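So the sequence shown is residues 0 to 113, counted in numbering that gives the first Met the number 0. For every residue, glycine included, the Cβ atom is placed at its ideal position computed from N, Cα and C. For clarity, every value in this text was computed on a predicted model and none was experimentally measured. Presented below is the structure to which this report refers.
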Amino acid sequence: MNNIQEHGYNRNESLLKGDLIDITPFSSTIGIPLPVHLTKSVWKFIKRSKKEESSLMYRIADFLLKLRHELKFSNEDRIEFTYDGEIHEFSVLALQQKDAHGNPVLSVKLIDED
């Protein structure tokens with residue numbers, strides 16, 4: 000996430016370009032009090048499923064429930080956890096950052112993603 004800003008992009012530009020995916024409408028219904036943005040790579044992993052009957056809404060909700068669980072037990076601005084995405088297990092890093100207005104936002108990327 001920091002690299003996006005280091006290379007001259009701000010969060011809004013990254014959202015407009017599709018480099019970040021805003022899933023705040025879903026996260027707020029799950030009880031996460033911050034806006035949540037995923038990188039395209041995390042989004043692609045969530046979208047994949049070996050169960051055809053598993054809807055995208057279900058997979059998003061399942062991921063967000065795991066994220067909410069991890070947030071509940073951490074007082075850190077940086078949380079690492081592994082998520083079992085049915086086809087692939089993948090590790091993510093959730094960073095609490097500030098948007099352009101100084102408001103907190105949660106950015107989620109793959110552990111090995113710049």
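Between the region 6–24 and the region 73–80, are three or more C-beta pairs nearer than 8 Å?
no
For Asp98, collect the residues of the same chain with a Cβ closer than 7 Å to its Cβ; drop the 5 residues on either side in sequence, then sort them by chain order.
Within the sequence shown, numbered from 1, the residue matching residue 98 stands at position 99. Counting only Cβ-Cβ distances below 7 Å, and skipping sequence neighbours, we find Arg10, Val104.
Taking 8 Å as the cut-off, decide whether the C-beta atoms of Val25 and Leu70 are in contact.
Residue numbering aside, residue 25 sits at position 26 when the sequence shown is read from its first letter. Residue numbering aside, residue 70 sits at position 71 when the sequence shown is read from its first letter. The amino acid at residue 25 is misidentified as Val; the sequence shows Phe. No, they are not a contact pair.
Can you have a look at His36 and say buried or exposed, based on whether 16 or more other CB atoms are within 10 angstroms of its CB?
In the sequence shown, the residue the question calls residue 36 occupies position 37. Buried is the call here.
Can you tell me the Cα-Cα spacing of Lys43 and Ile20, whole angstroms?
Taking the first residue of the sequence shown as 1, we reach residue 43 at position 44. Taking the first residue of the sequence shown as 1, we reach residue 20 at position 21. Distance between the alpha carbons of Lys43 and Ile20 is about 10 Å.
With burial defined as no fewer than 16 other Cβ atoms inside 10 Å of the residue's Cβ, what is the status of Ser106: buried or exposed?
Taking the first residue of the sequence shown as position 1, residue 106 is located at position 107. Answer is buried; the Cβ neighbour count reaches 16.
Beta-ladder partner(s) of His36, from DSSP:
Taking the first residue of the sequence shown as 1, we reach residue 36 at position 37. Paired residue(s): Asp21, Ser106.
Pick helix, strand or coil for Ile31, following the three-state DSSP scheme.
The residue you call residue 31 lines up with position 32 of the sequence shown. The answer is coil: DSSP assigns Ile31 none of H, G, I, E or B.
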